[in-house]
Amino acid sequence: MKKHKPSFIENIAEKLGIIDNLHAEEAFEIPRLNEPGELTNYPPPEQWDDWTEYEAKSGHKREKKNYQIVPTTCFNCESGCGLLSYVDKETMKVRKFEGNPYHPGSRGRNCAKGPATINQINDVDRILYPQKRVGERGAGEWERVSWDDVLDDIAGRIRKALVEERKNEVVYHVGRPGHEGFMDRVLQSWGVDGHNSHTNICSAGARFGYAIWHGADRPSPDHANAQFILLISAHLESGHYFNPHAQRIMEGLMNGAKMCVMDPRLSNTASMADYWMPTYPGSEAAVLLAIAKILLDEGTYNREFLYNWVNWRESLAEMTRNADTPVRTTVSSVSSESNQSVADKSVHTPIEITFDNFIDELKKLYAEYTPEFAEAESGATAEMIREVAKKVGEAGTRFATHNWRSAGAGNLGGWAVSRCLHFLNVLTGSVGTVGGTMPSAWNKFKPKGFSNPPAQKFWNELHFPNEYPLAHYEMSFLLPHFLKEGRGTIDTYFTRVFNPVWTYPDGFMWIDALADESKIGMHIALTPTWNETSYFADYVLPMGHASERHDLISYETHSGKWIGFRQPVLREAARKMGKEVEYTYESNPGEVWEEDEFWIELSWRIDPDGSLGVREHFNSPYRKGEKITIDEYYRYIFENVKGLPEKAAEEDLTPLDYMRKYGAFEVESSTYNIHLTPLTDEELEGTEVDSATYLVTREGKNVGVEIDGVVRQGFHTPSGKQEFFSQTLKDWKWEEYKYPTYIKSHIHRENLDASKNEIVLVPTFRLPTLIHSRSGNAKWLAEIAHRNPLWVSVEDGERWGIKTNDLVRINTDIGYFVNKAWVTEGMKPGVVACSHHLGRWRRQQDATANRWALNQVTIEKDDKGSYKMRVVDGIRPSKTDDPDTSRIFWSDGGVHQNITFPVHPDPISGMHCWHQKVRIEKAHADDKYGDVFVDTNKSLEVYKEWLEMTRPAPGPNGLRRPLWMNRPLRPIEETFYLK
Ligand code: SF4
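Sequence positions in the sequence shown follow the numbering used here and run 9 to 987.
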């Protein structure tokens, strides 16, 4: 029992009769709802089926509410954190979302975007019924149609394309993926090479830098156990795997780790760092190589790791035969010729292949990367670079690093940044160690499906064109340019969690492509809410939010491996309360479907008699010849997750019921040093060892590497080791980049004209509470952040005579946008920045939606291909069923910047290089806040300029892509060869 002492205000209110008598003895006897026990942050799972809480809104009346607590998974970023949904048993509505303590990645914690899922499911403007375009595409008129008609129409169209062997004309283009393998099954069962993704406007750059070292394309740092953490991003507030990484970085720091952050912006992360290096954008690799040089010169590298796990023999052989590195006669002659950069091959013979010679050659290779050189390039002081290098060397194997989008996504050659960052992990031997940085593949679980459709026999050159043989993912942002050039057409185009008109560069080119029915025959937008891309669809089909559908998630959040289950919580709550639901849409609002059931149903209708071989992949593994149910689909997967059946059996549960109950399962609790795993006798059967490289193969395929007489798993590369020298880059005509090196970005100072006020714009940073175009329907998040001013340093502001809130025109190579300035000490002079999350829009004819975040605009196109967009109305209060819509106090929805950027495809990784050379000027007299102008003729010119930089396929043996490099939805091997 707790006795409450009324406050002064309460006393007055009580006397005026505004509130009840708070002095009455019984008024403050608040009965406990639980027995006293240990403090806990979460309801215990044994009470999740019937959890009682006081109803906060009932005040002193102390009404109680009974909840069914059901776990699911957040979808507001890529981290896949666990959520607990509180379903009111009386109304069968979700009241709130909190963290799921049983989720191994997020461990009960969320960022602001997780609980805001409640805003999204209660969004008054969400789409509840299938919509079909009426009138011209993009005209904004829609009619409600039935799911049956929609499914039949789309299925008939796809069937026709398959029968007519137009298999590359069916495309699924996804923004935020999920479903671990589900869409691969769908597309491969259809036999189409139709997967397209958002990756090369996001992370393909950084991924390529990692993949070229060791196959796995993402880093998985063990922040919690690190001694030194080096981040090239704002990881604490907005990096990749936000909350799961942020909480582990904090653990590391609390355990005494030190942290260095490279970022031209004083982000929240930089403000927490021990060393903030406000590096000039694109110069990061120069700093990293300066650190590498210090490690090499001072001998603080990990000799054992380098010796065993780097392809140093091949690297040294290459260095000695190469004209651009010295060819030495003996080891002793090396020291006397340390400044020689090019040697005469005719008078020298290759040096002996010894490890010491390799180290000597490395030192020479990086001799020019002095801290002073790095300071001149980056602005980070040589002194700080030396200090950080010392800390890196001291941390040794406990050195955790990360670069995700950031520099890897901003710059021409951005992939070289992650490659040089990983070089430091290689030098310190912190690859895969406790406190080090693991390959992502070690920490990501891949589920096993019940049938495997065959790989497709087609290669879609709209996605993987010959100009970009090494592109890490599909060249998705060039799709409108390719269509415009007549490289192909699309018959049926699905977009899912994908809004390229707004998110991508060159959005007006997307509008041109989407509006042209001769280029895209049918566009189907699968989305819970209207967005700028769905305005140009033929069908807009409502899909469930995070808590309204099934999905599987597994990400490399830490050393360990887990699988998360996203489930429709109302469906599960109903089942728990004795009401079985056959299809998820029965428990969703309106006629909102979930994707999984949509694809199963569509696939059956494409192949009604089974003659196309599609339907068999959507038959039940438990009931011969019958359509698989969604429960059966997940039942099969969970029955085949290592350790899950046994864990479930401990509680007398089936694996599916275990996942329904807890929402996640830890497959491995730690995953260090996987490369050292010895192969079993069975695995070694029929293998042979190469006597020079110690590579172990079976029928030409790598299976491991022999180290000191033991065959170990190694890394997923041609050599089985970390690849300092990349034969791949050499073979594919990029010899100058065969070793880790610094590539000067397209926005290097040499490429800017300061006299014309040219400066680099960093447009990539995230706001911690927003997520691209997915958070516009979350009122709490929009209330926290709703504008994206241009960050300008005090020095630049003074130079240009610009003060905070002044209107400025930011000129790109294809147009301009007009924004307000924010003059701040937190920005590096010579660089400006603008977050990309804001500036959402709709035209007058478009449905009202995302009212917390959308400006109303007019868009005019002239007959020469120029577009002008102007904001005619901002955010404003309005009356709806949600009283909060009348409480909107902000009017500013920010400015759409991405649409003014030309495409900048990196010729190697295929990444769009986001940073922009811009010219800043004061706004013109007739400029208005939010104005956007773009000339699409210039868009095409810039596209062609960058296309000129490519070195197209074929590579060796007539290949269009190296066989060892993976790609999404890998087709059969024959398709890798150009005819
Ligand atoms: S970090 Fe935030 S938005 Fe991302 S999954 Fe976790 S809770 Fe959701």
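Here a beta-carbon is modelled for each residue, glycine too, at the ideal position from N, C-alpha and C.
With a threshold of 6 Å (Cβ to nearest heavy atom), would G122 be considered close to ligand 1?
Indeed, a heavy atom of ligand 1 lies less than 6 Å from the Cβ.
According to DSSP, simplified to helix, strand and coil, what is H410?
Three-state result, H410: strand.
Just curious, the beta strand (DSSP E) that M267 is in, first and last residue?
Note, M267: beta strand (DSSP E), 266-270.
Secondary structure of G572, DSSP reduced to three states
Strand, per DSSP.
Buried versus exposed call for D352 [16 or more other C-beta atoms within 10 Å across all chains shown]
The predicted position of D352 is uncertain, since its pLDDT is 38 and thus under 50; a value taken from the coordinates is nonetheless stated next. An exposed status is given to D352, since fewer than 16 other beta-carbon atoms sit within 10 Å of its beta-carbon.
Between which two residues does the alpha helix (DSSP H) harbouring R585 extend?
In the sequence under discussion, the amino acid at residue 585 is Met, which differs from the Arg named in the question. Careful: M585 lies outside any alpha helix (DSSP H) and carries neither H nor E.
Closest to P123 by CA distance: which of D131, P138, K104 is it?
Nearest neighbour of P123 by Cα position, chosen from D131, P138, K104, turns out to be K104.
Any non-hydrogen atom of ligand 1 closer than 6 Å to S87 Cβ
Relative to ligand 1, the beta carbon of S87 is positioned inside 6 Å of a heavy atom.
Please classify S344: does DSSP put it in a helix, a strand, or coil?
For S344, the predicted model reports a pLDDT of 33, less than 50, meaning its position is unreliable; a value from the coordinates is still stated below. S344: helix per DSSP, three-state reduction.
When we look at the beta-carbon of P39 and count the other beta-carbons within 10 Å, is it buried (16 or more) or exposed?
Exposed is the label assigned to P39, since fewer than 16 other Cβ atoms lie within 10 Å of its Cβ.
Do V975 and P477 have their C-beta atoms closer together than 7 Å?
Reading off the sequence shown, one finds Arg at residue 975, where the question assumed Val. Taking the C-beta atoms as reference points, P477 is found no nearer than 7 Å to R975.
3 or more residues per run - each beta strand (DSSP E) lying fully within the stretch 639-697
Qualifying beta strand (DSSP E) stretches, in chain order: 672-676.
Which residues in the same chain as A254 place their Cβ atom closer than 6 Å to its Cβ, once the five residues preceding and following it in sequence are excluded?
Excluding the 5 residues flanking it on each side, A254 has same chain C-beta neighbours closer than 6 Å at L244, in chain order.
Residue of M392, I361, S197, G404 minimising C-alpha distance to G307:
Of the listed residues, the one whose Cα sits closest to G307 is G404.
Following a CB-centred definition, is I250 positioned closer than 6 Å to any heavy atom of ligand 1?
Contrary to the premise, residue 250 reads as Phe rather than Ile in this sequence. At least one heavy atom of ligand 1 is found less than 6 Å from the C-beta of F250.
Nearest residue (CA-CA) to E791, options L862, L578, D804:
Minimum Cα-Cα distance from E791 among the listed residues L862, L578, D804 corresponds to L862.
Based on the DSSP output, what are the partners of R848 in its beta bridges?
Looking at the DSSP output, R848 shares a beta bridge with L862.
Using the rule of at least 16 other Cβ atoms within 10 Å of the residue's Cβ for burial, across every protein chain shown, is T541 buried or exposed?
Buried.
To the nearest angstrom, how far is it from the Cα of W198 to the Cα of K140?
Their Cα atoms are separated by approximately 24 Å.
Cβ pair D192, Q464 closer than 7 Å
Result no, Cβ atoms of D192 and Q464 do not sit closer than 7 Å.
Going by the DSSP bridge assignment, what does N74 pair with across the sheet?
Its beta-bridge partners are T60.
Reference P910, options D854, P771, I980, A382, closest by Cα:
Out of D854, P771, I980, A382, P771 has the C-alpha closest to the C-alpha of P910.
For N827, list the residues DSSP reports as bridge partners.
V816.
Given K121 as reference, the closest of H904, I822, P455, G784 once Cα atoms are compared
Selected option, being the one with the closest Cα: G784.
Host beta strand (DSSP E) of D943 (start-end):
940-943 is the span of the beta strand (DSSP E), which, as asked, contains D943.
In whole angstroms, what is the alpha-carbon distance linking R878 and V865?
Each residue's alpha carbon lies about 5 Å from the other.
Using CA atoms only, rank isn't needed, just tell me which of S899, T856, G805 is closest to H794.
With respect to the C-alpha of H794, the residue from S899, T856, G805 having the closest C-alpha is S899.
Based on Cα-Cα distance, which residue from E731, E868, D96, D890 lies nearest to R859?
Nearest neighbour of R859 by Cα position, chosen from E731, E868, D96, D890, turns out to be D890.
Which word fits T277, buried or exposed, when buried means at least 16 other C-beta atoms lie within 10 angstroms of its C-beta?
T277 comes out buried.
Would you give the residue range spanned by the beta strand (DSSP E) that H181 belongs to?
178-182 is the span of the beta strand (DSSP E), which, as asked, contains H181.
Assign P334 to one of three DSSP states: helix, strand, or coil.
Here P334 scores only 41 on pLDDT, less than 50, and its place in the model should not be relied on; the value that follows carries that caveat. In the structure shown, the three-state DSSP call for P334 is coil.
Only counting the same chain, and skipping five residues up and downstream in sequence, which positions put a Cβ closer than 6 Å to that of G873?
Cβ within range, chain order: T944, N945.
Using a Cβ-Cβ cutoff of less than 6 Å, which residues in the same chain neighbour D892 once the five nearest sequence positions on both sides are dropped?
The beta carbon of D892 lies closer than 6 Å to those of K787 in the same chain, with the five residues before and after it left out.
Should N84 be listed as close to ligand 1, given that the test is whether its C-beta is under 6 Å from any heavy atom?
N84: yes, Cβ under 6 Å from ligand 1.
Heavy atom of ligand 1 within 6 Å of N118 beta-carbon:
Yes, the Cβ of N118 comes within 6 Å of a heavy atom of ligand 1.
Looking at the structure shown, is S354 part of a helix, part of a strand, or coil, going by DSSP?
The predicted position of S354 is uncertain, since its pLDDT is 41 and thus under 50; a value taken from the coordinates is nonetheless stated next. Coil at S354, not helix or strand.
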